[in-house]
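Below: the structure, in structure tokens.
2 protein chains.
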Amino acid sequence: MNNKNPTATVLYLIEQAIKEYRKISQRNISKIVKDITVDQCLVLIILNKNDKISQNELANLVFKDNASITRMIELMVKKDYLNRTIHKGDRRKFNLEITEKGKKTLELINPIAKLNRETALNGLSLEEINLLEKTLNKIITNCKI
Amino acid sequence: MNNKNPTATVLYLIEQAIKEYRKISQRNISKIVKDITVDQCLVLIILNKNDKISQNELANLVFKDNASITRMIELMVKKDYLNRTIHKGDRRKFNLEITEKGKKTLELINPIAKLNRETALNGLSLEEINLLEKTLNKIITNCKI
DNA sequence: CAAACATAATTGATATATCAATATAAAGTA
DNA sequence: TACTTTATATTGATATATCAATTATGTTTG
């Protein structure tokens, strides 16, 4: 009697969870800042906390492909969130710098990002979160082997 | 001293987990079937288990947007995985039918899908999985409110 | 030093995600 | 029946994901 959909398995629940989280995040961000995506926000936040990292390192921190990062940065430069200049020491690299507009935007989105996390994790005990973390890490390890 | 990256939070772990799972899934599928994506496989599997569902219902079962489904089906018809005919009772709808090629492909991918799930969940106890499920459901509910 | 190798980023091709607007058909209601 | 509302699917615009191939630059080594 195994007529459970594969979507019923926990792995699809993971997918569903992250999709719902991205949805409310984008909705809440769009209320305050019109022309930015959740992914672009994440890039801003990461760049703000990690000074002078390369696109490569940025890609690793946000779990994205180099190709995706290239295109995202292109857009963010066009929208005046970032400046990009050639790296002196290694001319294959670039310096990524947050613009004034980017800094102002960060101030707007930081509290929203916090709120989004709190909304998603509302009612979860610290223990639940720790267990979730542990289990997800196991899954990640399993997939990487 | 809160200088943890937001990526370090459990929510980004969720994103990371599903990304890694999708990666090995796609890799394993591509070894056996060349011209299909994980998402298209999921559509095949769901259609196989749920006879005569509309695109709308399909979209809900796989957690995708109607627009995405429209485009996916278009591709899958083009690649001869699906047939699409007009629904007699309701001319807004379509009948989706798996072709012979689709059925043969299903036989190839079903064991791989099973293997992928087992790989990802390897070493997790039933209790851990149940807890994971419960916690993810809470997050989903939180985001939907 | 030159050849081989390694790394950073880009580009092209293709697939999917999301939102808003639209077309068409069906159902409900005055 | 005509009018309004609702449901199904499509389309356009834009963003991101992934892989493979490529370019440009750096590094290592014979």
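Chains as they are written, first to last, in this note's numbering: chain A, 1 to 145; chain B, 146 to 290.
The beta carbon of each residue, even a glycine, is placed where N, CA and C say it ideally should be.
So is residue i buried or exposed if we call it buried at 16+ other beta carbons inside 10 Å?
i: Asn2 (chain A); result: Only weak support is given to the placement of Asn2 (chain A): the predicted model assigns it a pLDDT of 43, under 50, and the question is left unresolved by the model.
i: Ser68 (chain A); result: exposed
i: Thr135 (chain A); result: buried
i: Ile32 (chain A); result: exposed
i: Ile190 (chain B); result: buried
Per the DSSP calculation, residue i is bridged to which residue(s)?
i: Thr230 (chain B); result: B:Asn240
Below 8 Å on the Cβ atoms is my contact criterion, and I expect residue i with residue j to pass it. Report the Cβ-Cβ distance as a whole number of Å.
i: Asn173 (chain B); j: Asn261 (chain B); result: 6 Å
i: Ile257 (chain B); j: Ile14 (chain A); result: Contact doesn't hold; Cβ gap of about 19 Å is too wide.
Is it true that the CB of residue j sits closer than 8 Å to the CB of residue i?
i: Ile73 (chain A); j: Leu96 (chain A); result: yes
i: Val10 (chain A); j: Ile254 (chain B); result: no
i: Glu20 (chain A); j: Ile163 (chain B); result: no
i: Leu203 (chain B); j: Leu132 (chain A); result: no
i: Thr37 (chain A); j: Gln26 (chain A); result: yes
i: Lys93 (chain A); j: His87 (chain A); result: yes
Between the options, which has its C-alpha nearest residue i's C-alpha?
i: Gln40 (chain A); options: A:Lys31, A:Ala17, A:Ile18, A:Gly102; result: A:Gly102
i: Leu269 (chain B); options: A:Ile46, A:Thr85, A:Thr70, A:Asn137; result: A:Asn137
i: Leu187 (chain B); options: B:Val207, B:Ser175, B:Asp225, B:Ile169; result: B:Val207
i: Ile169 (chain B); options: B:Leu277, B:Thr264, B:Glu272, B:Ile290; result: B:Thr264
i: Asn48 (chain A); options: A:Asn66, A:Lys104, A:Lys64; result: A:Lys104
i: Asp51 (chain A); options: A:Lys144, A:Ile98, A:Lys114; result: A:Ile98
i: Cys288 (chain B); options: A:Tyr81, A:Leu13, A:Arg22; result: A:Arg22
i: Tyr226 (chain B); options: B:Lys179, B:Asp235, B:Glu272; result: B:Lys179
i: Asn122 (chain A); options: B:Asn267, B:Ile290, B:Lys259, B:Leu266; result: B:Ile290
i: Asp210 (chain B); options: A:Gln16, A:Lys64, A:Ser30; result: A:Gln16
i: Thr230 (chain B); options: B:Ile198, B:Leu271, B:Tyr157; result: B:Ile198
i: Glu100 (chain A); options: A:Gly89, A:Met76, A:Asp90; result: A:Met76
i: Asn205 (chain B); options: A:Tyr12, A:Ser30, A:Thr70, A:Arg91; result: A:Tyr12
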